[in-house]
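Participant: Quick one: the structure is below, and I'll ask about it shortly.
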Amino acid sequence: MRLVLISDTHLPMRAKKLPEPVWEAIERADVVIHAGDWVNVGLLDELESRAAQLIGCWGNNDGPELRARLPEVARVELDGLSIAVVHETGSAKGRELRCEAAYPGVDVLVFGHSHIPWDTTSPRGLRLLNPGSPTDRRRQPYCTYQTATIVAGRLEEVALHNL
1 MRLVLISDTH
11 LPMRAKKLPE
21 PVWEAIERAD
31 VVIHAGDWVN
41 VGLLDELESR
51 AAQLIGCWGN
61 NDGPELRARL
71 PEVARVELDG
81 LSIAVVHETG
91 SAKGRELRCE
101 AAYPGVDVLV
111 FGHSHIPWDT
121 TSPRGLRLLN
131 PGSPTDRRRQ
141 PYCTYQTATI
151 VAGRLEEVAL
161 HNL
């Protein structure tokens, strides 16, 4: 199962559209995960029409229309892997232990907010992934997104892509 992870798209504030390499990855993916800060409902509509399966949550910059259509925390099981998607996880310091406590039974937590790519594993094995932003690099050298695969209930081939 092929995944594309994105967050903090901020359309159309930071960019008018998603970069073409992101759309190409979405077209090949089985599941697209968006960790909030869409800003405009138009991207949600477009992803719903173009992605094979979409999982997403709202972020702090998302207004009432997006919040009415998306949960604060999205949860899904994919091929036996428990995944949660949330926009904010707080500061980097202590993140792994804080998220272990907040998301018991979750195997993978996808989050956003910072625009800073992140890939760590907590002491109990919770994988924490932040794909950064494909449209607003902030203090990072590149705009980014992530891809991964799930094989027999295991997360594999997690890759960060620079744009």
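Residues 1 to 163 in full-length UniProt numbering are what the sequence shown lists, from first letter to last.
Backbone N, C-alpha and C define an ideal beta-carbon position, used for all residues, glycine too.
Predicted model only: the values in this text are computed from it and were never measured.
Rounded C-beta distance between A35 and G94? I'm assuming under 8 Å.
Facilitator: Not confirmed; about 20 Å, so no contact.
Participant: Closest to Y103 by CA distance: which of R75, L66 and W38 is it?
Facilitator: R75
Participant: Three Cβ pairs or more, each shorter than 8 Å: is that satisfied between the stretch 47 to 63 and the stretch 20 to 38?
Facilitator: When Cβ pairs closer than 8 Å are counted between the two stretches, the stretch 47 to 63 is seen to touch the stretch 20 to 38, the count reaching three or more.
Participant: Look up Q146 in the DSSP assignment and give the residues it is bridged to.
Facilitator: L5 and L160
Participant: On the DSSP bridge list, what partners appear for G56?
Facilitator: H34
Participant: Tell me the rounded alpha-carbon separation between G78 and E20.
Facilitator: Checking the displayed sequence, the identity of residue 78 turns out to be Leu instead of Gly. So the two alpha carbons sit approximately 26 Å from each other.
Participant: Only counting the same chain, and skipping five residues up and downstream in sequence, which positions put a Cβ closer than 6 Å to that of L44?
Facilitator: W38
Participant: Using a threshold of 8 Å, state whether the C-beta atoms of L126 and C99 are closer than that.
Facilitator: yes
Participant: Bridge partners of S82, per DSSP?
Facilitator: E77
Participant: Would you call P117 buried or exposed, if buried means 16 or more other Cβ atoms sit within 10 Å of its Cβ?
Facilitator: buried
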